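Input: a single structure, listed below in structure tokens.
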Amino acid sequence: MAGHSQFKNIMYRKGAQDAKRSKLFSKLAKEITVAAKMGGGDPAGNPRLRLAIQNARAQSMPKDNIERAIKKAEGGDAESYEAIRYEGYAPGGVAVIVEALTDNRNRTASAVRSYFSKSGGALGETGSVAFMFDHVGEIVYPASAGDAEAVLEAAIEAGAEDVQSDEERHLVTCAFEDIGDVSKALEESLGEAESVKATWRPQNSAPVDEDKAQSIMKLIGTLEDDDDVQNVYANFEVSDEVLQRLTAA
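Numbering (this note's numbering), first residue to last: 733 to 981.
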């Protein structure tokens, strides 16, 4: 059963449960449409669209869905979405960053505020917790892309800042502003990445007990279920044992 729990743990962390796949595809399609509307439908000349497509492929989103999202933007019938970042605190003083794409700022702000309040947390002002995170690009390659030394050499050449390698993967980190250039350079030397994304990486983690962790995970789950919310980041830390108990069926 431990293996089953660990599998569920991994699935929770990736946010890719089968039950959420349809919602995930919807969020990915929205990002693709927004990127294509802002910078054109050719990924070669539109870094944001290129990254959105790479992320969609990493989640096994069908090619037809991707093309349909681009055509929606090119056809001029796409909604006008606004990118908004919300920041606040979950129970236990845990910092949370929420990224949203919305066509109704008031609706989304009201919903996000209510999620924080109901969980025992509080929504703050923009900038209230972002200073506790580093906004970086993360590029993931499978271990089969090359040995640690070869990947490190390619990453340095591409302008990356750090590489962490283990038996399963290579995690390349770069400045947020450089994610397009670095991922393109790495693709030329290592092939297509498993995933390329911008993320908010906490500078320090806040340890929490099981009760607090349960409340925090419930808040994150509620936020992720909102159609306007694209990504949620938090700086809490719990033991593997607690996480297994909380994510077990």
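All C-beta atoms in this analysis are idealised placements derived from N, C-alpha and C, irrespective of residue type, glycine included.
If you're wondering where the values come from, they're calculated on a predicted model, not measured in any experiment.
Short of 6 Å in beta carbon distance, which residues of its chain neighbour residue i, apart from the five on each side in sequence? Order them along the chain.
{"i": "asparagine 778", "result": "Gly771 and Gly772"}
{"i": "proline 794", "result": "none"}
{"i": "lysine 904", "result": "Checking the sequence, you will find valine at residue 904 rather than lysine. These residues qualify, in order along the chain: Ile871, Ala887, Ala892 and Val895."}
{"i": "methionine 840", "result": "Going by the sequence as given, residue 840 is threonine instead of methionine. Cβ neighbours of threonine 840 beyond the five flanking positions: Ala832, Thr834 and Asp960."}
{"i": "alanine 966", "result": "Val826 and Val828"}
{"i": "glycine 824", "result": "Val940 and Lys944"}
{"i": "methionine 733", "result": "Because methionine 733 sits at a pLDDT of 27, beneath the cut-off of 50, its placement in the model cannot be relied upon, and the following sentence gives the value as read from the coordinates. Nothing listed; no residue qualifies."}
{"i": "alanine 981", "result": "Only weak support exists for where alanine 981 lies, its pLDDT of 48 falling under 50; the value from the coordinates is given anyway. Taken in chain order, the list of residues that qualify is empty."}
Flag residue i as yes if its beta-carbon sits less than 7 Å from any beta-carbon of chain B, otherwise no.
{"i": "glycine 852", "result": "Going by chain labels, chain B is absent from the structure shown, which holds only one protein chain."}
When DSSP builds the beta bridges, which residues end up paired with residue i?
{"i": "arginine 800", "result": "DSSP lists no partner for arginine 800."}
{"i": "tyrosine 818", "result": "Val830"}
{"i": "alanine 805", "result": "None; alanine 805 has no bridge partner."}
{"i": "leucine 783", "result": "Bridge partners of leucine 783: none, in fact."}
{"i": "alanine 869", "result": "Alanine is not the amino acid found at residue 869; the sequence shown has glycine there. Looking at the DSSP assignment, glycine 869 forms a beta bridge with Cys906 and Ala930."}
{"i": "leucine 855", "result": "Gly820"}
State the start and end residues of the unbroken beta strand (DSSP E) segment that holds residue i.
{"i": "valine 961", "result": "961 to 966"}
{"i": "serine 915", "result": "That residue, serine 915, is in no beta strand (DSSP E); its alpha helix (DSSP H) goes 911 to 922."}
{"i": "aspartate 958", "result": "Looking at the DSSP string, aspartate 958 is not in any beta strand (DSSP E), and its letter there is neither H nor E."}
Note down, in chain order, each residue of its chain lying with its Cβ closer than 8 Å to the Cβ of residue i, except the 5 sequence neighbours on either side.
{"i": "glutamate 857", "result": "Glu819"}
{"i": "isoleucine 785", "result": "Ile764, Pro775 and Ile798"}
{"i": "serine 937", "result": "Asn967, Phe968 and Glu969"}
{"i": "asparagine 787", "result": "Leu760, Glu763, Ser927, Val928 and Lys929"}
{"i": "leucine 922", "result": "Tyr873, Ala877, Gly878, Val883 and Ala886"}
{"i": "glutamine 946", "result": "Leu978"}
{"i": "arginine 901", "result": "Val872, Tyr873, Pro874, Ala875 and Glu926"}
{"i": "valine 964", "result": "Val828, Ile829, Val830, Glu831, Ile952, Leu955 and Glu956"}
{"i": "leucine 991", "result": "Past the boundaries of the shown model lies residue 991; the chain is included only from 733 to 981, so the question cannot be answered."}
{"i": "alanine 843", "result": "Asp958 and Asp960"}
Just how far apart, CA to CA, sit residue i and residue j?
{"i": "tyrosine 873", "j": "arginine 789", "result": "14 Å"}
{"i": "asparagine 836", "j": "glycine 878", "result": "46 Å"}
{"i": "valine 883", "j": "glutamine 962", "result": "30 Å"}
{"i": "lysine 916", "j": "glycine 808", "result": "29 Å"}
{"i": "threonine 931", "j": "serine 758", "result": "19 Å"}
{"i": "glutamate 973", "j": "lysine 804", "result": "45 Å"}
{"i": "glutamate 889", "j": "glutamate 909", "result": "17 Å"}
{"i": "aspartate 898", "j": "valine 914", "result": "21 Å"}
{"i": "alanine 862", "j": "glycine 852", "result": "20 Å"}
{"i": "isoleucine 816", "j": "glutamate 942", "result": "31 Å"}
{"i": "arginine 800", "j": "leucine 756", "result": "16 Å"}
Could you please give the first and the last residue of the uninterrupted alpha helix (DSSP H) stretch that includes residue i?
{"i": "phenylalanine 848", "result": "837 to 851"}
{"i": "glutamine 976", "result": "972 to 979"}
{"i": "serine 754", "result": "753 to 771"}
{"i": "valine 895", "result": "Taken as a continuous stretch (DSSP letters only), valine 895 belongs to no alpha helix (DSSP H), being part of the beta strand (DSSP E) at 894 to 897."}
{"i": "glutamate 889", "result": "880 to 890"}
Under 8 Å by Cβ, that's how I've got residue i and residue j pegged, so tell me the actual separation to the nearest angstrom.
{"i": "tyrosine 821", "j": "valine 766", "result": "Going by Cβ atoms, the distance from tyrosine 821 to valine 766 rounds to 28 Å, so no, they are not a contact pair."}
{"i": "alanine 907", "j": "glycine 869", "result": "7 Å"}
Using a Cβ-Cβ cut-off of 7 Å (strictly less than) and excluding sequence neighbours within five positions of residue i, which residues of its own chain qualify?
{"i": "arginine 933", "result": "Phe865, Asp866 and Val868"}
{"i": "threonine 983", "result": "The chain is shown from 733 up to 981; residue 983 falls before or after that span and cannot be answered."}
{"i": "lysine 950", "result": "Ser851"}
{"i": "serine 971", "result": "none"}
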